[in-house]
Amino acid sequence: MLLKDLSGLTSPLNDQQIGQLQQAVAELSPQQLAWISGYFWGLSQTPAGEAAAPNAMPQASSAPNQTLTILYASQTGNAKGVAEALHQEAEAAGIPAKLVAADNYKGKQLGKETHVVIVASTNGEGEPPDNAIELHEFLQSKKAPKLDHLHYAVLSLGDSSYEYFCQTGKDFDAFLQKLGAKPMVARLDCDVDYEATASAWREQTLAEVKQQFQASGDAQVVPLHQATAQAKYTKQSPYTAELLTCQRITGRGSDKAVYHIELDLDESGIEYQPGDALGVWYQNDPELVDSIVAKVGLRGDETVDIGGDSLSLRDALIAHYEITASNPQQITALAALSESDTLTALTEDKAALREFANRTQLIDVLALADVNLNVEQFQSILRRLTPRLYSIASSQAEVEDEVHLTVGLVDYQHESGESRQGGASSFLAHRAEAAETVKVFVEHNDNFKLPTSDDTPIIMIGPGTGIAPFRSFLQEREQREAKGDNWLFFGDRTFTDDFLYQVEWQQYLKSGLLTRMDVAFSRDQAEKVYVQHRLLARAETVWQWLSNGAYIYVCGDANQMAKDVHEALIEIAQTQGQQSREQAETFINELRKDKRYQRDVY
């Protein structure tokens, strides 16, 4: 163990103290070292001259290293945030705990654990997040150990609008039970509005862990009063940023409206990295609110309670409730309240119900229900508003105290002839300018990051607004004077009206920062051409880049584009690598495990 020099920092200990410390920790296990690090941190926060309590150190008997291990399987950061909160609460309660990302955890280590909590989100169609693929596979393999001694708990995050709701958490729960582990508390499957239920579950789980630790006699749980550094601005406490720019970047002839948004972070101290997302708290359209209120037979001045505050129903709908997107549970509830034959028929077919909810806004569901509701009934069918996440389109190394977004306005005409727009996108495109400010926070994404080495080549595939993070990638690589080659695939409908950031890409090509660029404009010829077609047309060169260690990134639509690109990569591995279908799938899966194939899809 090297204590004199840690990450280039000189130790404040003298040689004798270092020797004593090395001797003291030489035979300790990783769990014991983790506990001691927390204990010493707690001591460091004790005011000078204040004596430590005589019983501050746990009195150990047969197993002094009993520790709560918290694992998180997270794609965009929500599961990581819940796990971090659990870790902080455990430490505040004096429970020895360690927090580990799933991709930094060896599955066989479970055989040495006594208490584990897994916080897991679900990716795509019931798939584990990228950072949990290996652990997910390990627990299904013959190498997984028997876990009769393990006590565990699982918290799942998901969206009930999707077919495979919370599937990853359900999988981990089933795997652990099959291996003999014992659940401490029942698994909790959380929907998009998860904060309150997750908080209550964390409290219940920690109370059970504390009781088990104390009952076993293995360790005395003593509060350490640890101070944990937290971000100043978070999802719960966002920063109010000034809107600097809102500029449409699609042409007049385009049937899509895409906006370049610039926000001023001023002296907030907010930091972000290429690949991160910006969370945006938005306000709903007051005109839409008035239409919805009238549709259910209410006035809007009725008083409702929001987190202990009394607001008018109208104000609550503008700032606190999701009133654009509908969901299956909402439609099912309205079917029961209204006895609508159309809605009732939908509830009898889960697939049809999900598909209908995904393409139908709340106001149009209410039109089908055609029922008056009292305030309590109306509130009961509503979801609380959640922030929208947008891939950041800038590098802080270049834009400093700004953050940029690329926002596509959700805008279509309903069969009734009325216009329908997205809640967050219409706020940013139309209403934020009047408000002048936007409440934001950074959602760090560890699963979509540039390679550590600036010499590594990268391939970026980002049609439409999926181009956003690659603008940040290239800005970052330019500022770092990275030597690695950069290849960009971009696609949209037309060259003349939908070539987002065209001038910037041309400048990067001219300077040599952008090594290659392939474009696919689907409507500029009789036969539609998409980015996956361009990939296949360049199969030999793509394979050469991958063989030379290139990282490949995909951002954009998860339902179609990402699947087609994934299939194209498998085909390239088959044709260029002379692999069977099974071998090609394994090869691509290994790229994901090695973080050489990263996706930010939605």
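Final position of the sequence shown in my numbering is 1818; the numbers increase by one with none missing.
Where a beta carbon is used, it is the ideal one built from N, C-alpha and C, also for glycine.
These figures come from a predicted structure and were not determined experimentally.
Residue i: first and last residue of the uninterrupted beta strand (DSSP E) it sits in
i     : result
G1516 : Careful: G1516 lies outside any beta strand (DSSP E) and carries neither H nor E.
E1458 : Y1455 to R1464
D1480 : V1474 to D1480
Q1814 : Y1813 to V1817
V1333 : H1331 to S1337
E1659 : T1653 to E1659
Y1288 : L1284 to A1289
K1358 : First-last for K1358: undefined, no H or E at that position.
I1311 : First-last for I1311: undefined, no H or E at that position.
I1677 : I1674 to I1677
Rounded Cβ spacing between residue i and residue j (contact assumed at less than 8 Å)
i     : j     : result
C1462 : A1645 : 7 Å
I1804 : A1784 : Rounded, the Cβ-Cβ distance is 10 Å, inconsistent with contact.
L1479 : L1460 : 6 Å
K1328 : H1367 : Rounded, the Cβ-Cβ distance is 13 Å, inconsistent with contact.
R1575 : Y1537 : Their Cβ separation, rounded to whole angstroms, is 20 Å, which puts R1575 and Y1537 out of contact at 8 Å.
Y1498 : R1604 : 7 Å
T1653 : E1458 : 6 Å
G1293 : N1661 : 6 Å
A1348 : A1318 : 4 Å
T1413 : Y1380 : Contact flag wrong, Cβ pair sits at about 20 Å.
V1591 : L1553 : Rounded, the Cβ-Cβ distance is 13 Å, inconsistent with contact.
Residues near residue i in its chain [Cβ-Cβ closer than 7 Å; skip 5 each side]
i     : result
T1450 : F1657
W1759 : I1788, Q1792 and G1793
H1303 : I1286, A1313 and L1315
F1376 : According to the sequence shown, residue 1376 is Ser rather than Phe. Excluding residues within five positions, the ones whose Cβ falls inside 7 Å are D1407, N1543, P1544 and Q1545.
R1732 : W1703
P1270 : Any answer about P1270 is weak, because its pLDDT of 38 lies below 50 and its placement is not dependable; what the coordinates show is given next. Excluding residues within five positions, none has a Cβ falling inside 7 Å.
L1730 : L1690, N1702, L1704, W1721 and Y1724
Where residue i falls: helix, strand or coil (DSSP)
i     : result
K1398 : strand
A1648 : helix
A1267 : Summary for A1267: the model assigns pLDDT 39, below 50, so the residue's position carries little reliability, and this model does not support an answer.
H1367 : strand
F1381 : coil
E1411 : helix
R1403 : coil
Q1637 : strand
I1804 : helix
A1766 : coil
E1487 : coil
T1303 : Sequence inspection shows His at residue 1303; the Thr mentioned does not correspond to that position. Three-state DSSP puts H1303 in a helix.
A1279 : Model confidence at A1279 stands at a pLDDT of 41, short of 50, so the residue's coordinates are unreliable; what they give is reported in the following sentence. In this structure, A1279 counts as coil in the three-state DSSP scheme.
E1618 : strand
T1450 : coil
L1601 : coil
G1327 : helix
A1493 : strand
E1798 : helix
L1504 : helix
L1666 : coil
G1680 : helix
L1440 : Residue placement at L1440 cannot be trusted, given a pLDDT of 48 that sits under 50; what the coordinates show is reported in the next sentence. Correct three-state label for L1440: coil.
Contact with chain D by residue i, beta-carbon distance below 8 Å
i     : result
Y1769 : Checking the listed chains, one finds no chain D in this structure; it contains a single protein chain.
Cβ shell of residue i (< 6 Å), same chain only, five flanking positions each side left out
i     : result
G1404 : According to the sequence displayed, residue 1404 carries Leu and not Gly. Cβ neighbours of L1404 beyond the five flanking positions: L1371 and W1417.
S1526 : T1519
G1516 : V1509, L1529 and R1530
D1734 : F1705 and R1750
V1770 : I1677, A1778, V1781 and R1815
T1558 : L1584
S1795 : Note that residue 1795 is Gln in the sequence shown here, rather than Ser. Cβ neighbours of Q1795 beyond the five flanking positions: A1789.
8 Å CB neighbourhood of residue i in its chain, flanking five on each side removed
i     : result
G1469 : T1710, T1712 and D1713
E1266 : Residue confidence is low: E1266 scores 40 on pLDDT, short of 50, so the model does not pin down where it sits. Its coordinate-derived value is still stated next. Hits under 8 Å: none found.
T1791 : A1755
S1821 : This structure gives no information on residue 1821, because the portion of the chain shown stretches from 1217 to 1818.
N1500 : L1533, I1534, A1535, Y1537, I1539, T1540, L1601, G1639 and F1643
D1670 : R1693, R1696, E1697, A1698, K1699 and G1700
A1431 : none
D1409 : R1599, R1600 and T1602
H1630 : Q1577, D1580 and R1636
Where the alpha helix (DSSP H) containing residue i begins and where it ends
i     : result
L1625 : It is not in any alpha helix (DSSP H) - L1625 carries neither H nor E in the DSSP assignment.
E1353 : I1349 to F1354
G1793 : M1777 to G1793
V1591 : V1591 to S1596
A1585 : L1578 to A1585
Scan the stretch 1695-1764 and note each continuous beta strand (DSSP E) run of 3 residues or more that stays entirely inside, going in chain order.
Taking only runs of at least 3 residues, the beta strand (DSSP E) segments lying wholly in the stretch 1695-1764 are 1702-1708 and 1732-1737.
Note down, one range per segment and in chain order, each alpha helix (DSSP H) of at least 4 residues found wholly within the stretch 1509-1576.
Whole alpha helix (DSSP H) segments, 4+ residues: 1529-1535, 1544-1554, 1557-1563 and 1566-1575.
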